[in-house]
Every structure is written in structure tokens, then in C-alpha cells.
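Undergrad: My questions will all concern the structure given below.
Number of protein chains: 2
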Amino acid sequence: MRWRDLKDEPCSVARTLSVIGDRWTLMILRDCFVGLRRFEQFEASLGITRHVLADRLKKLVDEGVLKKMPYGEAPVREEYRLTERGFELYPVVLSIVQWGDKHMADERGAPIVRRHKKCGNIVQGKMVCSDCGEELDPRELIVEIGPGFS
Amino acid sequence: MRWRDLKDEPCSVARTLSVIGDRWTLMILRDCFVGLRRFEQFEASLGITRHVLADRLKKLVDEGVLKKMPYGEAPVREEYRLTERGFELYPVVLSIVQWGDKHMADERGAPIVRRHKKCGNIVQGKMVCSDCGEELDPRELIVEIGPGFS
């Protein structure tokens, strides 16, 4: 199987990885979620070539994850903002951050923390059951065939 | 920046991607979470070369995400099981699945669904605040410098 075929795979993991499976893409999304929007900001943050960055940004725009918006005057320039579809990738990025904070951080702890405006506290994301609200443990889930199975 | 340097980056996303950032690795983890354990099962599921598969499995064992366990007798063989550290990657995999089910599935819907043993229902994972229990919206989170910031 080649990666460009993954979008046609009947598997939501494979299809999603065809959009975000490139590691630079996930690093760009990380930056989007802390507020970066401009080409030069991503370039300074990531230290990658302009060519690779432009390619990944274009792909995210093509996939509807980012949208280009004008800013400034004379000349009008463009910045990249998350779409709703893009904002919905937050659980992916936050889960990656939290696993890294727990298992890969040095002894000093997390480099970045998040304060929730609603409750005012430094918080974590917790993956719970949409029905009963219990924290989800994969050992308590049974995988069944869904309507889109082929 | 090269990918092999990412483990030294002071960013939990970068560090985690040094473990799981390869797309085949994420596909192997997807398979682990639906119960696959043996080399031949992964090979049949993914359709990748034995060389690439062996390389990715070795990396996951080296990183403490999978462990090798003996099974069978004469000859004793080895299978791959998730460690606790591996099970804790479930929110990453589930978030990827759910985004794909919502945004990348065809009109028939999700190919695979999950039933929660505790409540008996077909459920989704929901990312909520560890403190107040509200569903987390990235627009309601303020990023602050943590103890590990350099």
C-alpha cells in the first residue's frame, strides 16, 4: 500500500493520516493551536525550508483544515487560520501533547500548560465516554462492525 | 531540524512524534487496539514489507509502547502486546479515528464502532476538562509557560 492510496482505505485512521500523518503537518497544527497564523511565524518556529512549509500549508488548506484570510493593507497579505474542521483536530493534538508531557518530558515537567477560561484552573484534557461520562479505557471497549464496513 | 533530533526538542508534541510520528507506526497501534498481536497479523492487515514492519515493531518495543511476550509451545514464539505506556496512547488513536469518522468517512458512516462495557452503549470519546468536566474547546484555553519551559 502506498500513502497516497490511504485516503481510499475503509479505515478512519488511514484516511485521517492521509491529512495529518506527516509529522511537519502535526507540528504546524500544534503552532496553529497556540495562535500562530503567518508564514514567517511558522518558518521561525519550525526551522523548516520555505518549500516544505508552503507545501504542507497548501495541503492543509486543500483539506479544509486551514483557511487563508487577508490581513494588513498595502500590501494585503494572507494568514492561515483554523477552520471548524481544523479546530476539531484539537483532541488529536492535545492527546499527543499530554502523552508527551507524561512520558517524554524531562524532570522539570511540561514546557507548556493550559488554563481553562471557564473554570480558571490549569487543566488536562480527559477522554470520557459520551454516554456515561466515565474515563475511557480501551480494555473496556468492544469493537463492532459499523455501517461503513466493507 | 531533522527528525532524529526531535526527541531532544523541548516540546511534548515533537517528542511524542519521535515515537509515533511515523504513519505506519500509527497504523500498527490502531491494529494493537483492536486486538492484533502477532507479526503475521500485522503483516496481513497492513500489507507492508516484513522489513518495514519489523523495524517499526522494534522501535515501539524500544520505546516501551509494546512488549514482546512468549506464546505457544515447541516452538515458543513471540507476540506484541501494549504496555501501560502503550495503552495510554489510546486517546491519540481514538481522536484520530473519530475525526476521520466525522470528516473522512463515506456516506455510509463509520466502518467500526465501539461499545462501552460499563454502560452497554455504542459510544464516542469526548475530551473534557479534568477539573470542571466541560467539553474542551481550544478557544477557551489559555496557553501558559510551564515548569519545563526553556
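Going down the list, the protein sequences come from chains A and B.
Heads up: the first sequence at position 30 corresponds to 30 in the working numbering, and the numbers run straight through without jumps.
Heads up: the second sequence at position 12 corresponds to 1012 in the working numbering, and the numbers run straight through without jumps.
Where is the CB? At the ideal position from N, CA and C, for every residue including glycine.
For clarity, every value in this text was computed on a predicted model and none was experimentally measured.
Decide yes or no for the touch test of the segment 16-33 of chain A against the segment 93-112 of chain A: beta carbon pairs closer than 8 angstroms, at least 3 of them.
TA: Enough Cβ pairs lie closer than 8 angstroms, so yes.
Undergrad: Determine, for A:LYS117, whether the minimum Cβ-Cβ distance to residues of chain B falls below 9 angstroms.
TA: Within the first sequence, numbered from 1, the residue matching residue 117 of chain A stands at position 117. It does; some Cβ of chain B falls within 9 angstroms.
Undergrad: Beta-carbon of B:MET1069 versus every beta-carbon of chain A: anything under 9 angstroms?
TA: Along the second sequence, one-based indexing puts residue 1069 of chain B at 69. No - not a single Cβ of chain A is within 9 angstroms of the one on B:MET1069.
Undergrad: State buried or exposed for A:CYS132, treating a residue as buried only when at least 16 other CB atoms are found within 10 Å of its CB.
TA: Here residue 132 of chain A is taken as the residue at index 132 of the first sequence, counted from 1. Looking at its Cβ environment, which holds fewer than 16 other Cβ atoms inside 10 Å, A:CYS132 is exposed.
Undergrad: Secondary structure at A:LYS58, three-state DSSP: helix, strand or coil?
TA: As a first step, residue 58 of chain A is located in the first sequence; it is residue number 58 there, counting from the start. Three-state DSSP puts A:LYS58 in a helix.
Undergrad: Among A:GLY64, A:VAL113, A:ASP62, which has the Cα closest to the Cα of B:GLU1144?
TA: Position 144 of the second sequence, counted from the first residue, corresponds to residue 1144 of chain B. Checked all of A:GLY64, A:VAL113, A:ASP62; the closest Cα to B:GLU1144 is A:VAL113.
Undergrad: So is A:LYS126 in contact with chain B if we call contact Cβ pairs under 9 angstroms?
TA: As a working mapping, residue 126 of chain A is identified with position 126 in the first sequence. Closer than 9 angstroms: yes.
Undergrad: Who are the near neighbours of A:GLU134 in its chain, counting only those whose CB is closer than 7 angstroms to its CB and skipping five residues on each side?
TA: Taking the first sequence and counting its residues from 1, the one referred to as residue 134 of chain A is at position 134. The answer, listed in chain order, is VAL128.
Undergrad: Please list, in chain order, all residues of the same chain as B:ARG1038 whose beta carbon is under 7 angstroms from its beta carbon, the five residues on each side excluded.
TA: As a position in the second sequence, residue 1038 of chain B is number 38, starting the count at 1. Excluding sequence neighbours, B:ARG1038 sits near GLU1079.
Undergrad: Give the secondary structure of B:ILE1020 by DSSP, where H, G and I count as helix, E and B as strand, and everything else as coil.
TA: Within the second sequence, the letter at position 20 stands for residue 1020 of chain B. B:ILE1020: helix per DSSP, three-state reduction.
Undergrad: Determine whether the Cβ of B:LEU1057 lies closer than 9 angstroms to any Cβ atom of chain A.
TA: Walking along the second sequence from the start, residue 1057 of chain B turns up at place 57. By this cut-off, B:LEU1057 is not an interface position.
Undergrad: Can you give me the C-alpha to C-alpha distance between A:GLU43 and A:LEU36, rounded to a whole angstrom?
TA: For the purposes of this step, residue 43 of chain A is taken as the residue at position 43 of the first sequence. For the purposes of this step, residue 36 of chain A is taken as the residue at position 36 of the first sequence. A:GLU43 and A:LEU36: Cα-Cα distance of roughly 10 angstroms.
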